[in-house]
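Below is one structure, written out as C-alpha cells; comments come after it.
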Amino acid sequence: MAIRRGRGVAAINYPTGMNLGGDPTQALVHSTPTGNFMVTLSSVDLGQGMKQIMAQICAETIGVPTDRVIVDTADTDTGPHCMGTFASRGTHRAGNAVIQAAKEARQVMLEVAAEELEVNASDLETDGQGNIRVKGAPQKSISIFDVALSAHFKRGRSISGRGMFLIPRSYPEKETGAMKPSTCYAHACTVAEVEVDDETGEVTVLNVKNVFEIGRALNPKMVEQQLVGGSWMGISHALYETTEPYYPNRDHGGTDFNQYLMPGPGDLAETEIIVLERPSSDGPFGAKGPGEMCANPQIPAVANAVFDAVGVRIDTLPITPERILRALKAQAAG
Amino acid sequence: MAKVPVQFTLNGSEKAEFVESGTTLLNALRDKIGDTSPKGGCHQGTCGACSVIIDGELRLSCLTLAETCGGANIKTTAGLAEGGVLHPLQRAFLDGFATQCGFCTPGMIMAAKVLLDRTPNPSREDVVEALSGNVCRCTGYEPIIQAVLSAARANSQNVA
Ligand code: FES
Ligand code: FES
Numbered sequence: 007m008a009i010r011r012g013r014g015v016a017a018i019n020y021p022t023g024m025n026l027g028g029d030p031t032q033a034l035v036h037s038t039p040t041g042n043f044m045v046t047l048s049s050v051d052l053g054q055g056m057k058q059i060m061a062q063i064c065a066e067t068i069g070v071p072t073d074r075v076i077v078d079t080a081d082t083d084t085g086p087h088c089m090g091t092f093a094s095r096g097t098h099r100a101g102n103a104v105i106q107a108a109k110e111a112r113q114v115m116l117e118v119a120a121e122e123l124e125v126n127a128s129d130l131e132t133d134g135q136g137n138i139r140v141k142g143a144p145q146k147s148i149s150i151f152d153v154a155l156s157a158h159f160k161r162g163r164s165i166s167g168r169g170m171f172l173i174p175r176s177y178p179e180k181e182t183g184a185m186k187p188s189t190c191y192a193h194a195c196t197v198a199e200v201e202v203d204d205e206t207g208e209v210t211v212l213n214v215k216n217v218f219e220i221g222r223a224l225n226p227k228m229v230e231q232q233l234v235g236g237s238w239m240g241i242s243h244a245l246y247e248t249t250e251p252y253y254p255n256r257d258h259g260g261t262d263f264n265q266y267l268m269p270g271p272g273d274l275a276e277t278e279i280i281v282l283e284r285p286s287s288d289g290p291f292g293a294k295g296p297g298e299m300c301a302n303p304q305i306p307a308v309a310n311a312v313f314d315a316v317g318v319r320i321d322t323l324p325i326t327p328e329r330i331l332r333a334l335k336a337q338a339a340g
Numbered sequence: 014m015a016k017v018p019v020q021f022t023l024n025g026s027e028k029a030e031f032v033e034s035g036t037t038l039l040n041a042l043r044d045k046i047g048d049t050s051p052k053g054g055c056h057q058g059t060c061g062a063c064s065v066i067i068d069g070e071l072r073l074s075c076l077t078l079a080e081t082c083g084g085a086n087i088k089t090t091a092g093l094a095e096g097g098v099l100h101p102l103q104r105a106f107l108d109g110f111a112t113q114c115g116f117c118t119p120g121m122i123m124a125a126k127v128l129l130d131r132t133p134n135p136s137r138e139d140v141v142e143a144l145s146g147n148v149c150r151c152t153g154y155e156p157i158i159q160a161v162l163s164a165a166r167a168n169s170q171n172v173a
C-alpha cells in the first residue's frame, strides 16, 4: 500500500454560445442630456463581469471614457431581447450587439457635433476623453457634454443606436449531416499532477498547469480571475461535486448544501494560468467566451493523472475514493 | 407568536426593534433593520455568508437568535468603511480581484477581520484556517487568501 504519483494531460475545444433555434442578443444605446451613455440589455451580470465589459466595449466604440457609460441589465420584461447569460456567450453575443448599437449612436453624435462646429461629420474624431475634434485641427473641438445638450434641447436628435447580433439557426446538410452547431471556439490545455493513496482511494491534486486560448482578453484582470476560479471549479467537478452520489438511487443522495462537497481553502492545488491571446475573427474586439471552458480541461486531466498513478480508468464523475477503490479491487481480481 | 423587544449596537449606533420570538439575527438585520450586508446562503450554519462580529467574536447570524443579542455590540461589513474610506480588507479585496459574484464577500471579510484583529501578521495557514468556515463558489479561494495577506501587510506598514 502506497501513495502513488501520476500526471495527466487533457486539451479541449469549447464553443461560444449555442444554436438551437438561432442565437440572438439585442442592445440599445442612448445618451443622457449630459452626454453619458446608457447601454440597455437583458443579459444578466451574475458576477462574471458583464456590466464592466459592456461598458468598456461601448466606451471604446463611441470614444468616451468607460466611466461615462452606464449599463442597465435590470429587467428581461422591458429590455431588448437576449437569449441569456449561459454557454459563455455574454461577452461575444452581447458585445457584438453593443458595438453595433454604439456605432449608430456615435454616428448621430458626430452629426450633431458637425452641425455645431460647421464641419463635415466625416472630418471629426473623438479624443477618448469626452471631446470631439476636427481631425488635424484639434483646437476646433466640442465636448460631448455640449453635443448632448445641443441634441436634446436645440436640434431635437436622439443620440442613440440599435444593435442586434444573431447567429442564425444552422440546419444539418441532408447528404452529409454537416452543420455549424456553434461558433468561435476557445481552447485550453491542462496538465495535472496528483497523488493517489491506493489504500484509501484518496486523491490529492498537487498542481495544475493551465493554458487558455481565449481570443482577446478584454479585461485581463477579470479574465485571470475567471480562469483561476474556473481551474479550481474544474478540480471540484473532477473529485467532489455531485447532487446524485448514488444515482439512480436517491435514498442516499444529498439533501442540502451541507452534503454537497466542494474543496475549501485548505484543499487548493498549486495553480498556474497562462493566457494565449489570439483574437477571434467574429468576436467583439477579438474576444471569445472564456467562461465555462476554463473549468473543463482539469476534469479529464485529473482522470488521466489518476490512471497514470494507479492504472485504473474512472469514467464516472466525481472520481471519489470509493470509485477508485472499487476499480482497484476489480483490477486486482483480474 | 409574541413579539419580543431587542436592543443592540450595530456598527456604532443603537438599534431597537420588535421581532417575532425565534427570529434569527440574520433576518432581523436584513428584514427589520435593513442591513443586507450579511447574506443568507444556507440558513443552517454551513456557508459562512451570514458571518457577523458579536462582541468581538465571529458568529453565524443565521444560527443566532436576535433575542439573545440584547445589549450586544454587533459589527457587519456594512459598517467597516469609515468616512467613505474603505477598510484595508475591503480595499485589498477590491484591488486583488478577490470577489466575483460577491455573495461570500461580506462573510469572508468578517472572518478575516476577526483574524487580523487577533493576529495582525498571520501566516498563510492562519488565513486558510480562519476562512475555512466560509464557502466561495467563484474565486477558487486563492485571490481571497492573497487579499487577506495583503491587507495584513498594508496594516503593518501603516502601524510601522
Ligand atoms: S447562512 Fe449562515 S452559515 Fe450559511
Ligand atoms: S465571489 Fe461568488 S461566492 Fe465568492
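Taken in order, these protein sequences are the chains called A and B.
Under my numbering, the first sequence has 255 at position 249, and the numbering climbs by one with no breaks.
Under my numbering, the second sequence has 169 at position 156, and the numbering climbs by one with no breaks.
For every residue, glycine included, the Cβ atom is placed at its ideal position computed from N, Cα and C.
Computed from a predicted structure; not experimentally measured.
When DSSP states are grouped into helix, strand and coil, P21 (chain A) belongs to the strand group. Put simply, the CB of K294 (chain A) is far from chain B, with every gap to its CB atoms at 8 Å or more.
Closer than 7 Å to some heavy atom of ligand 2: that does not describe the Cβ of Q145 (chain A).
Neighbourhood of K227 (chain A) in chain B, by CB distance below 9 Å: F110, in chain order. Check the Cα spacing between A91 (chain B) and each of B:F106, B:R131 and B:V65: the tightest is with B:V65. For C195 (chain A), the pairing in a beta bridge is given by DSSP as A:A17 and A:V217.
Following the DSSP letters along the chain, one finds A338 (chain A) inside the alpha helix (DSSP H) bounded by residues P327 to A339. Taking C-alpha positions only, A108 (chain A) is separated from L26 (chain A) by approximately 28 Å.
K88 (chain B) has B:I66 as its beta-bridge partners, per DSSP. Burial of G61 (chain B) is indicated by the presence of at least 16 other C-beta atoms within 10 angstroms of its C-beta. For N310 (chain A), the closest C-alpha among the options A:E66, A:T326, A:V15 and A:P296 is that of A:V15. Taking 8 Å as the cut-off, the Cβ atoms of S94 (chain A) and M228 (chain A) do not count as close.
DSSP places K52 (chain B) outside both helix and strand once states are collapsed to three, so it counts as coil. With fewer than 16 other CB atoms across the displayed protein chains lying within 10 angstroms of its CB, S169 (chain B) is exposed. Residue-level contact check: L267 (chain A) does not touch chain B, since none of the beta carbons of chain B fall below 8 Å from its beta carbon. Using a 10 angstroms sphere on the CB of F159 (chain A), the tally of other CB atoms stays under 16, which defines it as exposed.
Interface residue (Cβ-Cβ distance to chain A less than 8 Å): C151 (chain B) is classified as such. It is roughly 37 Å from the alpha-carbon of A29 (chain B) to the alpha-carbon of D139 (chain B). Listed by position along chain B, the residues whose Cβ is nearer than 9 Å to that of L274 (chain A) are V141, G153, Y154, E155 and I158. In the three-state reduction of the DSSP assignment, G47 (chain B) falls in the coil class. Not one beta carbon of chain A lies nearer than 8 Å to the beta carbon of Q103 (chain B).
Partner residues in the beta bridge of Q20 (chain B), as assigned by DSSP, are B:A29. Residues of the region 234-247 of chain A with a C-beta less than 8 Å from any C-beta of chain B: V234, G235, G236, S237, W238 and M239, listed in chain order.
The beta carbons of A223 (chain A) and V281 (chain A) sit about 6 Å from each other, so the pair counts as a contact at 8 Å. Distance from the C-beta of G115 (chain B) to the nearest heavy atom of ligand 2 is below 7 Å.
Across the structure, L233 (chain A) and E66 (chain A) are spaced so that their CA atoms are roughly 24 Å apart. Checking the DSSP bridge columns, you'll see F171 (chain A) partnered with A:T31. The shortest C-alpha to C-alpha distance from R10 (chain A) to any of A:V209, A:N126 and A:Y177 is the one to A:V209. By the 16-neighbour rule on beta-carbons within 10 angstroms, L107 (chain B) is exposed.
Contact residues of ligand 1 (beta-carbon closer than 6 Å to any heavy atom; chain order) are B:G53, B:G54, B:C55, B:H56, B:G58, B:T59, B:C60, B:G61, B:A62, B:C63, B:L73 and B:C75. In this structure, ligand 2 has a non-hydrogen atom nearer than 7 Å to the beta-carbon of T112 (chain B). Under the three-state reduction of DSSP, H36 (chain A) is assigned to strand.
Out of B:L23, B:V17, B:N147 and B:V19, the CA that lies nearest to the CA of L93 (chain B) is found in B:L23. Not a single C-beta of chain B is nearer than 8 Å to the C-beta of N102 (chain A). The shortest C-alpha to C-alpha distance from A338 (chain A) to any of A:V316, A:P327 and A:T322 is the one to A:V316. Residue contact check for T59 (chain B) against chain A: a CB pair falls below 8 Å.
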